[in-house]
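What follows is a short report on a single structure.
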Amino acid sequence: MIQPAAVKCPPQTLTPADAAASLGADLESGLSEEEVRRLLAEHGPNEISSGEPISPWKLLLRQFQDLMVIILVVACSIAVLGWILEGAQGLPADAIVIGAIVVLNAALGFVQEYRAEKTVEELKKMASTATRVVRGGRTLSVDQTELVPGDIVLLDEGDRVPADLLLFRAERLQVDESLLTGESTTVSKKVGPVAIDAPLDGRTGEVFAATVVTAGSGRGLVVATGAATQLGGIASSLSTGERTETPLERRLARLGRQVGWAVLALSLVIGGTLLIAEGKTDAPTLVHVLMFSVALAVAAVPEGLPAVLTISLSVGARRLASRQAVVRRMPAVETLGSVTTILTDKTGTLTHNQMTANQVLVDFQARAVAGRGYEAEGTVEGGPSEAFELLLASGVLASTADLQDDPDRGRQALGDPTEAALLVLAEKAGRDWRSLRREAPELSSAPFSSERRRSSTLRRFRGSLRLFVKGSLEALLERSRCVLVDGAEHELSAQDRERLLAEEAAMADRGLRALAFATREAVEGSAEEQETELTLLGLVAMGDPARAEVPEAIKRCRRAGIRVMMLTGDHPRTALAIAREIGLAEEDRVLTGPEVAELDDATLERELRACNVYARVSPQAKLRIVERLLSSGEVVAMTGDGVNDAPALRKVHVGVAMGSGTAVAVEASELVLLDDNFATIVTAVEGGRSVFANVQKFIAFLFSGNTGVVLALFVGTLLAGAFDLTWEGHVLIPLTAAQILWMNLVTDGAPAVAFALARPRESVLDDPPRHPEDPILSTSIWWYIAVTGSWVAFLLLLVLDITYHGGLLTVGHLATSNPEYARTAAFYIVVVTRLFNAMNFQSLPGSLFRREAWRDFYVPAACLFSWGLTIALVYSPPLRQLFDLRPLPLEDLALLTLMAPSVLVVGELWKKLVGARLSNRR
């Protein structure tokens with residue numbers, strides 16, 4: 076429980092007079108300007124810090140934290156150093172190419188995350204900050220940030236409460252606290268203390284910051300501002316809570332460490348081997364070995380990985396954005412694909428957050444009402460009936476709500492959502508409720524309160540005075556003498572009362588709220604005094620309907636092995652009814668927040684495995700449920716729109732905020748749903764799985780090519796040393812760093828990006844979620860990488876041996892003593908072989924000849940593009956000089972090109988050999 080610093084004891088236990096005395100305030104005249112200045116200096120402005128916005132510079136620096144990027148920066152630095160030691164002649168080609176890819180990767184990541192942050196800033200909208208207060212005996216309008224403890228605040232319908240207030244005046248005051256408590260129904264407020272242990276939604280004498288007045292008016296004494304409010308206490312907990320590392324971040328960190336250590340070990344071992352083969356340690360030799368180490372590091376590190384990974388996640392993020400989901404943290408795109416459990420709120424996510432009349436009971440006959448939400452689409456069953464006409468009039472006239480068309484959000488309720496549903500009911504029945512209100516002026520009214528459980532209005536109706544009453548059935552039965560049936564008043568019998576109460580219970584079992592209506596002829600005077608001898612008209616059952624697309628989304632989650640759990644602040648019966656409607660309740664079982672609090676951790680974990688529906692859930696209970704699921708190894712996504720959801724949103728792997736939710740919830744999330752729709756989450760999960768499948772394929776493809784080049788460098792250097800193959804006094808190195816970079820970035824880059832663009836498999840949701848500890852690449856995939864990579868190395872060494880004078884298999888007309896020609900031939904065969912190898916990985920883990928492997932032609936098209944660039948490189952004088960290449964005769968080019976598809980044969984033979992054991996899972 077959050078205790079305001081300005082009040083010495085819990086405010087809910089105090090009378091307004093005691094609280095005012097504690098604060099030194101006057102309930103009539105308010106504070107003086109001098110007191111306000113003093114208190115503002117003491118307590119600070121009435122605002123909640125959401126943390127410093129991430130500066131563009133910090134976003135940019137974040138892009139350089141990846142280990143593989145750091146390795147490239149080090150390699151770039153060594154390349155520059157080597158260039159300087161060699162006399163700084165010409166351009167440092169290796170350093171330029173390495174630096175360019177580092178900058179490109181940083182730019183891609185920065186642009187995506189910067190755009191996401193800007194989108195989130197646009198979502199952080201709150202209501203007007205102008206607040207009416209009483210100061211020095213005068214009513215003033217001040218900025219809500221200037222409020223201090225002891226201020227007197229005036230509240231009217233539609234106002235957003237600016238601070239935590241203790242009420243000392245309340246007239247029909249109704250407040251929507253759903254953003255704070257999760258409870259979808261409005262709360263009636265009254266003046267007076269409550270018990271010290273009363274829950275937040277039971278503290279009827281207070282109103283809290285960020286809640287909204289839906290009806291009535293009131294005055295309150297400010298007892299807490301800023302971080303001391305209930306809203307502030309939840310928001311401040313976010314700054315100390317740690318974010319859960321996503322599975323992709325863990326996998327990439329592990330892969331990065333493995334690659335980093337491998338690069339270091341290979342550079343030391345193979346560099347040392349080259350130094351021994353050279354047989355000398357003079358400065359030129361050391362520079363030669365140093366540049367070889369750079370080439371080796373470049374060969375081992377998949378330079379394109381950070382950039383292509385960024386592109387893949389960006390593509391996934393853009394696809395999600397086009398389907399109403401804004402990604403704030405890019406790794407969350409993939410993490411969605413690993414989700415095993417989705418925790419979802421009910422109100423506004425599974426439902427429309429728009430109360431809707433579902434059924435009318437008049438003349439002891441049930442009339443179904445079609446349609447959902449506040450749009451007047453649908454009809455009411457049944458013919459003309461006097462009881463029905465008077466019930467509609469009662470619903471319209473005994474309410475103060477209004478309906479307003481919003482061009483962005485559709486039709487919205489102004490005031491109590493329950494009363495708005497009655498206006499829509501009248502429209503569906505073909506009645507003009509605005510005309511009805513104009514033609515029946517109000518003479519007197521009696522507001523609703525939790526004690527009265529009813530409200531009434533005295534109107535001039537059809538030429539006479541008539542009282543209309545609405546409220547709970549029990550309250551109206553106590554004051555009703557008759558019931559109107561088929562146009563005639565009948566004495567209410569005990570049997571009638573039992574029948575009506577049974578109908579109400581049946582409605583409640585369906586999660587619907589029953590509202591009763593009554594009327595009587597009246598005389599001038601007080602409405603409240605005439606609330607006797609009423610004639611009961613009937614009942615209206617209403618509820619917040621489930622979204623039509625949610626049941627199918629729940630089925631898709633089950634098929635995907637994802638468990639959906641509802642966590643709501645609503646009544647258990649309401650929660651269970653919605654759960655049944657959408658197919659979430661496998662058993663008629665619901666667990667409440669207080670019951671969760673009583674369970675020890677072990678028992679709670681057992682219950683979490685068995686129960687999908689949780690009601691009356693407090694923020695503390697939500698957080699505890701999240702913690703137990705995380706400790707059980709679940710990958711958790713959670714939806715939320717209110718301040719009460721923010722701590723748990725920050726704790727889970729993927730926090731999913733509603734676009735219409737509070738800024739605090741949005742700030743704590745990784746994903747924002749612009750349409751507030753649960754089905755969009757399932758679409759996002761599908762997108763996340765597709766992203767991971769594509770990421771897995773292009774990472775495997777990149778490592779296959781790199782494995783081949785590293786193996787060729789190692790074996791080729793050993794063979795060159797053994798057979799004394801030298802050039803300009805140094806052992807011949809098969810490829811230069813710049814040539815390897817071209818292969819890693821240009822040759823592999825375009826196909827890898829094409830992998831990222833691939834469409835998701837239709838059956839992607841038929842697979843179970845990936846285990847959080849599964850590596851990106853399974854053991855069987857690593858074996859496939861080794862086999863195909865070895866073939867790439869074999870072809871490279873074979874071509875080098877054939878084309879360089881002194882090799883074991885030297886072919887006469889191909890043999891040359893110029894290593895640049897031999898390197899060009901080796902370079903070309905590796906490029907083309909790696910491009911054909913992309914087809915092997917496009918179809919993983921299945922055969923290349925399956926129909927599904929050719930759903931789109933992004934990869935083949937990208938391979939043709941890369942091949943064209945390589946041809947241009949070899950035959951363009953300025954470019955080939957930069958990369959130390961020579962033009963190849965066309966017959967040599969054709970021969971080398973025909974050798975490359977052999978990698979497809981090797982790949983398919985291995986797939987056939989291992990069969991089902993070639994899996995993308997461990």
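Quick note on numbering: the sequence shown equals residues 76 to 997 in my numbering.
Just so it is clear, CB atoms sit at the ideal spot from N, CA and C, and this is done for glycine as well.
Residue 956 burial status per 10 Å Cβ neighbour count (16 or more: buried): Stepping through the sequence shown from its first residue, residue 956 is reached at position 881. Exposed, by the Cβ-count rule.
C-beta contact flag for residue 696 and residue 668 at 8 Å: Taking the sequence shown and counting its residues from 1, one reaches residue 696 at position 621. Taking the sequence shown and counting its residues from 1, one reaches residue 668 at position 593. Result yes, Cβ atoms of residue 696 and residue 668 sit closer than 8 Å.
Simplified DSSP state of residue 440, which is helix, strand or coil: Within the sequence shown, residue 440 is the residue found at index 365, counting from 1. Note: residue 440 maps to strand in three-state DSSP.
Pair within 8 Å by beta-carbon distance, residue 808 and residue 792: Position 733 of the sequence shown holds residue 808. Position 717 of the sequence shown holds residue 792. Their beta carbons are under 8 Å apart, which means residue 808 touches residue 792 by this criterion.
First through last residue of the beta strand (DSSP E) which encompasses residue 663: As a working mapping, residue 663 is identified with position 588 in the sequence shown. Here residue 663 belongs to no beta strand (DSSP E), and DSSP marks it neither H nor E.
Every unbroken alpha helix (DSSP H) within the region 624 to 650, with a cutoff of 4 residues, ordered by chain: 625 to 634
Residue 909, enclosing beta strand (DSSP E) - first and last residue: Reading the sequence shown from its first residue, position 834 is the one you call residue 909. Here residue 909 belongs to no beta strand (DSSP E); instead the alpha helix (DSSP H) covers 894 to 917.
First and last residue of the uninterrupted alpha helix (DSSP H) at residue 292: Numbered from 1 along the sequence shown, position 217 holds the residue referred to as residue 292. Note, residue 292: premise wrong, no alpha helix (DSSP H); beta strand (DSSP E) at 287 to 299.
Exposure label - residue 973; buried when at least 16 CB within 10 Å: Reading the sequence shown from its first residue, position 898 is the one you call residue 973. Exposed, since its Cβ has fewer than 16 Cβ neighbours within 10 Å.
Where residue 733 sits in the DSSP three-state scheme: Stepping through the sequence shown from its first residue, residue 733 is reached at position 658. Strand.
Contacting residues, own chain, Cβ-Cβ under 8 Å from residue 689 (five flanking each side not counted): Position 614 of the sequence shown, counted from the start, is the residue given in the question as residue 689. Answer for residue 689: 640, 641, 642, 643, 650, 665, 666, 667, 668, 671, 696 and 700, listed in chain order.
Those residues which DSSP pairs with residue 250 across a bridge: Here residue 250 is taken as the residue at index 175 of the sequence shown, counted from 1. Bridge partners of residue 250: 262 and 288.
Cβ pair residue 911, residue 965 closer than 8 Å: What you label residue 911 is simply residue 836 of the sequence shown in a count that begins at 1. What you label residue 965 is simply residue 890 of the sequence shown in a count that begins at 1. No, they are not a contact pair.
Nearest candidate by alpha-carbon position, reference residue 288, set 656, 569, 917 and 489: As a position in the sequence shown, residue 288 is number 213, starting the count at 1. Closest option to residue 288, Cα to Cα, is 489.
Sub-8 Å separation of residue 752 and residue 830 beta-carbons: Translated into positions along the sequence shown, residue 752 becomes position 677. Translated into positions along the sequence shown, residue 830 becomes position 755. No.
Span of the beta strand (DSSP E), counted from its first residue to its last, around residue 41: In the structure as shown, the chain begins at 76 and stops at 997. Residue 41 is therefore absent and cannot be evaluated.
Residue range of the beta strand (DSSP E) that includes residue 1052: Given a span of 76 to 997 for the chain in the structure shown, any question on residue 1052 remains unanswerable.
Rounded C-alpha distance that separates residue 57 from residue 909: Only positions 76 to 997 of the chain appear in this structure, which leaves residue 57 out of reach.
Span separating the alpha-carbon of residue 211 from that of residue 100: Within the sequence shown, residue 211 is the residue found at index 136, counting from 1. Within the sequence shown, residue 100 is the residue found at index 25, counting from 1. C-alpha separation (whole angstroms): 11 Å.
Cα-Cα separation between residue 458 and residue 468, rounded to whole angstroms: Reading the sequence shown from its first residue, position 383 is the one you call residue 458. Reading the sequence shown from its first residue, position 393 is the one you call residue 468. Residue 458 and residue 468: Cα-Cα distance of roughly 16 Å.
Exposure of residue 834, with buried meaning 16 or more beta-carbon neighbours within 10 Å: The sequence position of residue 834 within the sequence shown is 759, counting from 1. That one is exposed.
Beta-carbon proximity of residue 501 to residue 471, cut-off 8 Å: Position 426 of the sequence shown, counted from the first residue, corresponds to residue 501. Position 396 of the sequence shown, counted from the first residue, corresponds to residue 471. Result yes, Cβ atoms of residue 501 and residue 471 sit closer than 8 Å.
Cut-off 7 Å between Cβ atoms - residues of its own chain near residue 757, not counting five sequence neighbours on either side: Translated into the one-based positions of the sequence shown, residue 757 becomes position 682. Closer than 7 Å at Cβ, skipping near neighbours: 628, 631 and 632.
Residue range of the unbroken beta strand (DSSP E) whose run includes residue 487: Working through the sequence shown from its first residue, we reach residue 487 at position 412. Residue 487 -> beta strand (DSSP E) spans 485 to 489.
Buried or exposed by the 16-neighbour rule on C-beta atoms within 10 Å, applied to residue 201: The residue given as residue 201 occupies position 126 in the sequence shown. Note that residue 201 scores a pLDDT of 38, beneath 50, so its modelled location is shaky; the value from the coordinates is reported in the next line. Counting Cβ neighbours within 10 Å, residue 201 comes out exposed, since fewer than 16 surround it.
Residue 272 classed as buried or exposed, judged by whether at least 16 other C-beta atoms fall within 10 angstroms: The sequence position of residue 272 within the sequence shown is 197, counting from 1. Residue 272 should be labelled exposed.
Cβ distance (whole Å) where residue 818 is taken to contact residue 934 below 8 Å: Sequence index remark: in the sequence shown, residue 818 carries index 743 (1-based). Sequence index remark: in the sequence shown, residue 934 carries index 859 (1-based). Rounded, the Cβ-Cβ distance is 17 Å, inconsistent with contact.
Cα-Cα separation, residue 746 to residue 145: Position 671 of the sequence shown holds residue 746. Position 70 of the sequence shown holds residue 145. Roughly 28 Å between the two C-alpha positions.
Burial state of residue 707, where buried means 16 or more other Cβ atoms lie within 10 Å: Position 632 of the sequence shown, counting from 1, holds the residue named residue 707. Exposed, by the Cβ-count rule.
Nearest residue (CA-CA) to residue 1006, options 953, 763, 855 and 987: A question about residue 1006 goes unanswered here, because the residues of the chain that appear run from 76 up to 997.
C-alpha distance - residue 923 paired with residue 915, whole-angstrom precision: To locate residue 923, count along the sequence shown from 1; it is residue 848. To locate residue 915, count along the sequence shown from 1; it is residue 840. Spanning the two alpha carbons is a distance of roughly 6 Å.
Residue-level contact to chain D via CB, residue 153, 8 Å cutoff: Of the protein chains in the structure, only one exists, and it is not chain D.
DSSP bridge partner residues for residue 565 (one or two, in chain order): Working through the sequence shown from its first residue, we reach residue 565 at position 490. Residue 565 pairs with 558.
Buried/exposed call for residue 1029, threshold 16 Cβ in 10 Å: No statement about residue 1029 is possible, as the shown extent of the chain runs from 76 to 997 and does not include it.
Identity of the residues DSSP links to residue 531 by a beta bridge: Within the sequence shown, the letter at position 456 stands for residue 531. Its beta-bridge partners are 521 and 544.
N-terminal and C-terminal residue of the alpha helix (DSSP H) that residue 824 is part of: Locating residue 824 in the sequence shown gives position 749, where the first residue counts as 1. 823 to 832 is the span of the alpha helix (DSSP H), which, as asked, contains residue 824.
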